[in-house]
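J.:
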Amino acid sequence: MEIIGFDANHQIEVRWDNPLATFSVIILDRQIEAAIERGESDEETTDPIVLWLGGTLGEIPTLQQLKTALAAYAVLSEAAG
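Each residue of the sequence shown is one higher than the one before, counting from 1 in the working numbering.
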């Protein structure tokens, strides 16, 4: 699921990872990705990943913890819960 965040340049992807029993979140900066694609920058010096969470077992197991983790980047509506 893609979430619209506070920064229009951020692409926020959220998924549930069943084997790890956690939500996973990745936030990418679209401007940095575009610069890399145009050859104006490279991933060794400029990382398009703003935030990456949920890679370990049970890291973000609840919707409330997901909301807290995303608080600086987006607000999840009550409909998401």
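Glycine included, each C-beta is placed from N, C-alpha and C at the ideal position. What you are looking at is a predicted structure, and each value in this text was computed from that prediction instead of being measured.
Residues in its own chain within less than 6 Å of G81 by CB, not counting five upstream and five downstream?
T.: With a pLDDT of 49 at G81, under the threshold of 50, the predicted position of this residue should be treated as unreliable, and no value is reported.
J.: Report the option in F23, Q11, N18, T46 whose CA atom is closest to the CA atom of T68.
T.: Ranking the options by Cα distance to T68, first place goes to F23.
J.: Considering only the beta carbon of each residue, do I26 and I49 sit closer than 8 Å?
T.: Yes, Cβ-Cβ distance for I26 and I49 is below 8 Å.
J.: Out of V75, Q65, G58, which one is the CA nearest neighbour of P19?
T.: P19 has its Cα closest to that of G58, out of V75, Q65, G58.
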